[in-house]
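Here is the structure we will look at, set down as structure tokens.
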């Protein structure tokens with residue numbers, strides 16, 4: 332097995348290395364190497380708990396993003412919805428134009444602290460890349476493939492489910508890979524709204540001028556992003572006709 336043939340393995344190894352570096356002992360050594368005096372950091376159990384909360388919140392947000400992005404992408408590529416395509420794309424682009432920090436701050440008075448404003452930011456920031464990736468993937472399916480399915484008597488729904496989606500699967504997985512990384516990054520911002528995530532030690536470190544927990548949070552968040560991306564690359568390998576790139 333050669334790593335260059337399996338990018339998921341290479342990306343996963345980077346994630347594991349970053350996770351190891353987030354351990355308090357390793358992170359303290361890094362902080363000391365920069366000339367800072369290591370102060371109290373997070374123990375591994377606390378870091379793991381925050382990581383699980385972070386992943387759970389990201390997963391819920393990603394599910395919502397996938398549902399909306401894929402659903403809208405499929406909708407606007409249908410002939411009967413062509414007239415609303417520009418409007419849908421414009422709304423998605425406008426939502427992503429608002430920085431996650433601003434979105435969380437604006438949502439606080441209405442949704443309160445914790446997960447809800449974070450999920451709103453996740454959805455607003457993640458729908459556009461999935462929407463556009465879905466549209467691009469479906470439009471890359473050859474006309475000949477659709478015409479052949481029609482000649483065999485397939486209905487429009489059967490063409491979508493049995494021809495278009497399987498052929499577009501590699502592109503759909505790529506779109507979701509982008510959404511995964513955005514979700515993990517945006518979830519860290521949710522710490523500003525009181526959500527218990529890997530962004531919590533980053534915010535606390537900034538407030539207390541303690542570099543150690545801040546570095547641990549950064550490394551752990553990056554590790555989670557790399558590990559999740561590795562999982563998506565592995566799924567891309569399993570997709571019909573797809574290979575991880």
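Residue numbers (the numbering used here): 332 to 576.
Virtual Cβ for every residue (Gly too), placed ideally from N, Cα, C.
Nothing here was measured: the structure is a model prediction, and the numbers come from that model.
Compare the Cα-Cα distances from residue i to each of the options and report the closest residue.
i           : options            : result
residue 431 : 396, 525, 449      : 449
residue 312 : 374, 343, 475, 522 : The displayed coordinates of the chain run from 332 to 576. Any statement about residue 312 would go beyond what the structure contains.
residue 516 : 360, 390, 421, 356 : 390
residue 369 : 548, 549, 544, 511 : 544
residue 396 : 354, 339, 513, 484 : 513
residue 540 : 346, 367, 347      : 367
residue 443 : 521, 477, 363, 461 : 521
residue 378 : 556, 344, 488, 353 : 353
residue 375 : 386, 357, 363, 462 : 357
residue 371 : 558, 542, 560, 555 : 542
residue 435 : 418, 345, 455, 423 : 455
residue 533 : 523, 429, 548      : 548
residue 556 : 427, 509, 490      : 509
residue 546 : 340, 365, 338, 339 : 365
residue 524 : 495, 446, 385, 340 : 446
residue 526 : 388, 363, 344, 347 : 388
For my contact list, residue i and residue j are in at a C-beta cut-off of 8 Å; report their separation, rounded to the angstrom.
i           : j           : result
residue 518 : residue 528 : 5 Å
residue 457 : residue 392 : 7 Å
residue 349 : residue 550 : 5 Å
residue 511 : residue 466 : About 19 Å separates the two Cβ atoms, so there is no contact after all.
residue 561 : residue 342 : 4 Å
residue 381 : residue 461 : Actually they do not touch by this definition, with Cβ atoms about 26 Å apart.
residue 339 : residue 565 : 4 Å
residue 504 : residue 426 : Residue 504 to residue 426, Cβ: 23 Å. No contact.
For residue i, name the three-state secondary structure that DSSP assigns.
i           : result
residue 526 : coil
residue 339 : helix
residue 332 : Because the pLDDT of residue 332 is 39, which lies under 50, any placement of that residue in the model is unreliable, and the question is left without a value.
residue 408 : coil
residue 544 : helix
residue 483 : coil
residue 375 : helix
residue 471 : coil
residue 458 : helix
residue 387 : helix
residue 495 : helix
residue 463 : helix
residue 447 : helix
residue 366 : coil
residue 576 : Bear in mind that a pLDDT of 48 at residue 576, under 50, signals an unreliable position, so the model cannot answer this.
What runs of the alpha helix (DSSP H), each 4 residues or longer, lie entirely inside the segment 409 to 438?
Restricting attention to alpha helix (DSSP H) runs no shorter than 4 residues, the segment 409 to 438 encloses them at 416 to 428, ordered along the chain.
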